[in-house]
Each structure stands twice: as C-alpha cells, then as structure tokens.
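Single-structure report; data block below.
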Amino acid sequence: MLKGVTLSFPAIAEPQAFGEGEPAYGAKFAIKPGSEQHKALEAAILAEADEAWKDKAGSVLKMLEEDGKVAFVKKVYRSKKTGEAYQGFEGMHYLSTRNAKTQPTVYDQYGKPVTGSSHIEKQAHSGAVVNASVEVWAQDNKWGRRINCSLRGVMLTGEGENLGGGSSAADAAEFASLAKAAPDAADFL
C-alpha cells in the first residue's frame with residue numbers, strides 16, 4: 065500500500081496503449097528517494113526476486129535494473145521529446161504500474177466506490193493524491209524476465225490538483241444568453 069502518492073498518467077477508467085504495447089490499465093507514481101514508499105518497494109522487489117531466482121536473485125535483479133526491466137525506476141521520469149522531467153517527477157524516482165486484464169478499483173476519500181468511466185476520469189485524474197494498492201511480481205517466461213507492478217486500486221484522498229491541463233464541461237448558464245425562447249405548447253395544438 066502506497067500512502068499519499070500523486071497519481072500520474074492514469075489509465076484507470078479505460079485501458080490505454082502506450083507506444084506499441086497492448087492496451088492496459090495502470091498509472092505512474094512519483095516516489096521520493098529514501099521515503100517509506102521507496103523502502104517498501106525495494107523490500108517487495110527483493111522478496112519477489114528472492115522467491116523467483118533464489119541464490120541468483122542479486123545478480124538477476126542487478127541485470128534487470130541495468131536493462132530497465134524493473135517497474136520501480138531509480139531516476140527522474142522525463143519526456144523523451146524534450147528531456148525535461150514531467151511535472152511532479154522533479155527529483156523523484158518513479159513506479160510504473162500496469163494491469164492488462166483487471167480494471168483497478170477506485171474509492172473516494174470516504175471509502176465509497178467510484179464507478180463509471182466519466183466519474184473515474186474526473187476524480188482519479190493526473191495530480192490526484194491517492195493511497196494505491198499495488199502488487200509487485202516477478203516475470204520469468206517466454207517473454208523474458210522482469211519485475212512488474214500491477215495497480216490493484218486507488219483510494220482518493222481529496223487532495224491534489226489536476227495536472228492534465230484538460231478543461232471541465234460547459235455549464236448551461238454559459239449558453240443562456242444565446243438560447244432561443246422555447247415555443248409555447250399552445251403553438252402545437
């Protein structure tokens with residue numbers, strides 16, 4: 065459980081494809097170096113590596129980190145176009161989560177489920193501060209070795225600001241002065 069982390073690049077309401085990959089649910093989280101979340105993630109990764117690769121865990125994990133095949137990345141998340149750190153990732157490490165099959169659950173700050181794509185997108189936006197339930201797991205199959213992380217669900221804290229830059233839907237009051245008068249029902253008799 066990651067407590068009080070900022071949700072970034074969420075694909076929670078609908079699966080999204082990034083690059084050439086298959087559509088999946090997920091998000092990224094900025095993790096402060098040396099923080100409790102950082103320590104918990106490192107412990108979970110080491111435990112998974114120990115279970116999967118036993119006495120070779122240390123060398124396999126080092127190789128995976130060097131090859132960029134660990135979900136928790138100990139460097140700043142940057143735009144590949146500009147080289148600049150994404151907003152909120154300055155001086156931070158980051159965790160990439162992905163879940164190809166199961167949609168993560170979303171709860172509001174009172175523990176009530178948030179359902180429906182539009183409600184989820186509106187509340188679980190990039191910049192929302194959440195408590196995130198994640199699962200770290202070791203992959204060792206025909207597609208290779210990795211340390212992955214699945215996003216299981218988030219609980220909104222009611223904090224944070226929208227970093228997505230999107231605007232809200234128009235309100236009826238904005239169009240009031242432009243609306244025509246409605247025909248009187250008697251005109252249709």
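Take the sequence shown: its letters are residues 65 to 253, numbered as in this note's numbering.
All C-beta atoms, glycine included, are put in the ideal place defined by N, C-alpha and C.
Helix, strand or coil: which one does DSSP assign to histidine 157?
On the sequence shown, residue 157 is found 93 positions in, with the first residue counted as 1. In the three-state reduction of the DSSP assignment, histidine 157 falls in the strand class, which pools E and B.
Are the Cβ atoms of proline 74 and glutamine 80 separated by less than 7 Å?
The residue labelled residue 74 in the question sits at position 10 within the sequence shown. The residue labelled residue 80 in the question sits at position 16 within the sequence shown. Contact: no.
Phenylalanine 82, DSSP secondary structure in three states
Taking the sequence shown and counting its residues from 1, one reaches residue 82 at position 18. If DSSP states are grouped into helix, strand and coil, phenylalanine 82 belongs with coil.
Inter-residue Cα distance where the pair is isoleucine 95 and tyrosine 141
In the sequence shown, the residue the question calls residue 95 occupies position 31. In the sequence shown, the residue the question calls residue 141 occupies position 77. The straight-line gap from Cα to Cα measures roughly 11 Å.
Could I get the ranges of all uninterrupted alpha helix (DSSP H) runs contained in the stretch 170-194, with 4 residues as the minimum, in chain order?
181-187
Identify whether serine 72 lies in helix, strand or coil by the three-state DSSP scheme.
In the sequence shown, residue 72 corresponds to position 8, counting from 1. Reduced to three states, the DSSP call for serine 72 is strand.
Less than 7 Å separating the beta-carbons of alanine 135 and isoleucine 211?
As a first step, residue 135 is located in the sequence shown; it is residue number 71 there, counting from the start. As a first step, residue 211 is located in the sequence shown; it is residue number 147 there, counting from the start. Contact flag set, yes.
Neighbour-count burial assignment, serine 190, 16 or more Cβ in a 10 Å radius:
On the sequence shown, position 126 is the one that residue 190 refers to. Classification of serine 190: buried, given that the 10 Å Cβ count is 16 or more.
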